[in-house]
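Residue numbers (our numbering): 254 to 623.
Everything on this sheet refers to the single structure shown next.
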Amino acid sequence: MAKITHARAFMVDLEPKVLRTDAIQSFKSQETIFVELRDGDGARGMGYSYTIGDGGPSVLALLRHTLLPRLMGQDADTIEAIWRDLLFCSHATAVGPIMSLALAAIDTALWDMRGVRTGLPLHRLAGGAKASVPMYTTEGGWLHISPEALAEDALAAREQGFRGSKVKIGTPTVAGDAARLGAVRDALGPEYEIMTDANQSLTAAEALRRVPMLEGLGIAWFEEPLLSDDIAGHARLQARSCVPVAVGESLYSAGQFADYIAQGACGIVQADVARVGGITPWLKIAHLAEAHNMAICPHFLMELHVSLVCAVPNAPWLEFIPQLDDVAAPMVRAGGMAIAPTAAGLGIDWDHDKLAALTSAGSAFEIKEG
Numbered sequence: 254m255a256k257i258t259h260a261r262a263f264m265v266d267l268e269p270k271v272l273r274t275d276a277i278q279s280f281k282s283q284e285t286i287f288v289e290l291r292d293g294d295g296a297r298g299m300g301y302s303y304t305i306g307d308g309g310p311s312v313l314a315l316l317r318h319t320l321l322p323r324l325m326g327q328d329a330d331t332i333e334a335i336w337r338d339l340l341f342c343s344h345a346t347a348v349g350p351i352m353s354l355a356l357a358a359i360d361t362a363l364w365d366m367r368g369v370r371t372g373l374p375l376h377r378l379a380g381g382a383k384a385s386v387p388m389y390t391t392e393g394g395w396l397h398i399s400p401e402a403l404a405e406d407a408l409a410a411r412e413q414g415f416r417g418s419k420v421k422i423g424t425p426t427v428a429g430d431a432a433r434l435g436a437v438r439d440a441l442g443p444e445y446e447i448m449t450d451a452n453q454s455l456t457a458a459e460a461l462r463r464v465p466m467l468e469g470l471g472i473a474w475f476e477e478p479l480l481s482d483d484i485a486g487h488a489r490l491q492a493r494s495c496v497p498v499a500v501g502e503s504l505y506s507a508g509q510f511a512d513y514i515a516q517g518a519c520g521i522v523q524a525d526v527a528r529v530g531g532i533t534p535w536l537k538i539a540h541l542a543e544a545h546n547m548a549i550c551p552h553f554l555m556e557l558h559v560s561l562v563c564a565v566p567n568a569p570w571l572e573f574i575p576q577l578d579d580v581a582a583p584m585v586r587a588g589g590m591a592i593a594p595t596a597a598g599l600g601i602d603w604d605h606d607k608l609a610a611l612t613s614a615g616s617a618f619e620i621k622e623g
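What follows is the structure, given as structure tokens:
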């Protein structure tokens with residue numbers, strides 16, 4: 254039995270290289286919370302989660318005072334038991350973002366350690382459905398970008414091999430959103446996939462008004478049209494739309510996804526491995542979607558999600574938003590395909606010197622057994 258004897262946590266704040274805006278917010282920075290674990294045999298694993306500008310110190314506080322001390326002495330192989338124990342030891346803080354983000358940093362470190370001990374990359378350890386996956390890009394589709402520039406970016410993306418682009422919507426009028434999407438469709442033709450994301454900005458009536466326009470343009474999905482807790486509203490919208498409604502970026506547990514699926518409130522699930530609490534629950538959500546003949550198209554974190562979407566059979570896309578290039582080797586790509594890492598564990602080649610240099614002052618701490 255390999256007992257966990259040591260944990261270290263710290264935070265690195267990564268600023269985006271381009272302006273990222275949507276209908277409700279700007280991406281200020283990626284507060285990246287890291288957890289490094291070591292067991293009694295000397296095996297190591299490193300995991301992480303993130304915020305988009307606020308809340309990172311709260312995640313670190315939960316790790317420092319509650320979760321990492323409880324982790325000491327536990328068997329690193331019992332990932333499922335550890336995940337449930339940590340959830341219920343502080344159940345009053347769940348379900349919610351802070352708890353899920355803290356759990357994710359630990360859970361991904363445990364899966365990394367398991368991969369290192371077994372010599373298996375994560376995509377094989379978690380299922381091994383495929384070795385690569387098509388990508389669509391979101392990086393040129395932000396809300397502040399003009400229709401003409403959206404089309405130019407999509408044309409450039411297609412030249413690079415991307416199979417699709419996501420365009421943010423949520424302007425004050427249907428005509429404004431139609432102009433953005435229409436410019437891309439006119440420039441790229443009917444074969445190029447266009448995804449669209451309203452970021453919870455619309456009322457039920459305004460979302461419904463956009464459905465005929467989205468259907469006419471052959472849009473791949475309508476992401477987060479309503480507030481994430483409005484399951485009934487999403488169900489009514491999906492019932493009247495041929496365009497799949499996509500949800501999940503703002504959901505924090507497998508149970509929330511189960512409710513959406515049971516009520517017919519979505520057509521695509523977008524579980525984010527950090528926001529649902531790690532790889533352990535993410536795989537449950539992916540298989541739940543598969544059992545209901547639905548695709549899972551996760552949000553953000555492409556360097557980690559590439560392994561997960563290659564682990565399961567019902568994940569047709571990986572979202573391209575680069576954010577770790579300053580602290581890790583770039584994800585391997587071949588044209589518009591992302592290639593699952595073959596190195597043991599998560600397969601992310603971290604630059605530890607840069608991580609050390611960029612660690613936020615006062616954020617690092619260690620917990621040891623005994």
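All C-beta atoms in this analysis are idealised placements derived from N, C-alpha and C, irrespective of residue type, glycine included.
Just so it is clear, the structure is predicted and the values come from calculations on it, not from any experiment.
When C-alpha distances from residue 359 are compared across 276, 332, 382, the shortest belongs to 332. Residue range 498-500 is occupied by the beta strand (DSSP E) that includes residue 499. Excluding residues up to 5 positions away in sequence, 563, 564, 565, 566 lie with their Cβ nearer than 7 Å to the Cβ of residue 382 in the same chain. Apart from sequence neighbours up to five positions away, the residues of its chain that approach residue 527 with a beta-carbon distance below 7 Å are 302, 303, 354, 357, 554, ordered along the chain.
About 23 Å separates the beta carbons of residue 441 and residue 276, which is beyond the 8 Å limit, so they are not a contact pair. For residue 415, no alpha helix (DSSP H) run applies, since DSSP gives it neither H nor E. Contact check for residue 418 against residue 435 fails: the beta carbons are separated by 9 Å or more. Contact check for residue 472 against residue 449 passes: the beta carbons are separated by less than 9 Å. For residue 301, the enclosing beta strand (DSSP E) starts and ends at 297-304.
Per DSSP, reduced to three states, the secondary structure at residue 594 is coil, with no helix or strand assignment. Distance from the CA atom of residue 326 to the CA atom of residue 622, rounded to whole angstroms, is 6 Å. Around the beta carbon of residue 444, a 10 Å sphere encloses fewer than 16 other beta carbons of the protein chains shown; the residue is thus reported as exposed.
Between the beta-carbon of residue 550 and that of residue 539 there is about 10 Å, and that puts the pair past the 8 Å contact cut. Look at residue 510 here: in three-state DSSP terms it is helix. Taken atom to atom, the span from the alpha-carbon of residue 488 to that of residue 541 is near 18 Å.
In the three-state scheme derived from DSSP, where H, G and I count as helix and E and B as strand, residue 534 is classed as helix.
With 16 or more neighbouring CB atoms inside 10 Å of its own CB, residue 390 falls in the buried class. For residue 457, the closest C-alpha among the options 470, 475, 446 is that of 475. Taking each of 495, 257, 305, 519 in turn and checking the Cα distance to residue 279, the smallest one comes out for 305.
Exclusion of the five residues before and after residue 619 leaves 261 as the residues of its chain whose Cβ lies within less than 6 Å of its Cβ. Shown here, residue 352 sits in a helix according to DSSP, grouped into three states. Rounded to the nearest whole angstrom, the C-alpha separation of residue 533 and residue 439 is 42 Å.
Close CB contacts of residue 552 within its chain, under the 6 Å cut and outside five residues either way in sequence, are with 502, 523, 525 (chain order). Under a 10 Å Cβ-count criterion, residue 519 is classified as buried, with 16 or more other Cβ atoms of the shown protein chains found around its own Cβ. In the same chain as residue 288, and ignoring 5 residues on each side of it, the C-beta atoms closer than 6 Å to its own belong to 262, 300, 358, 359, 362, in chain order. In the DSSP assignment, residue 603 falls outside any alpha helix (DSSP H), carrying neither H nor E.
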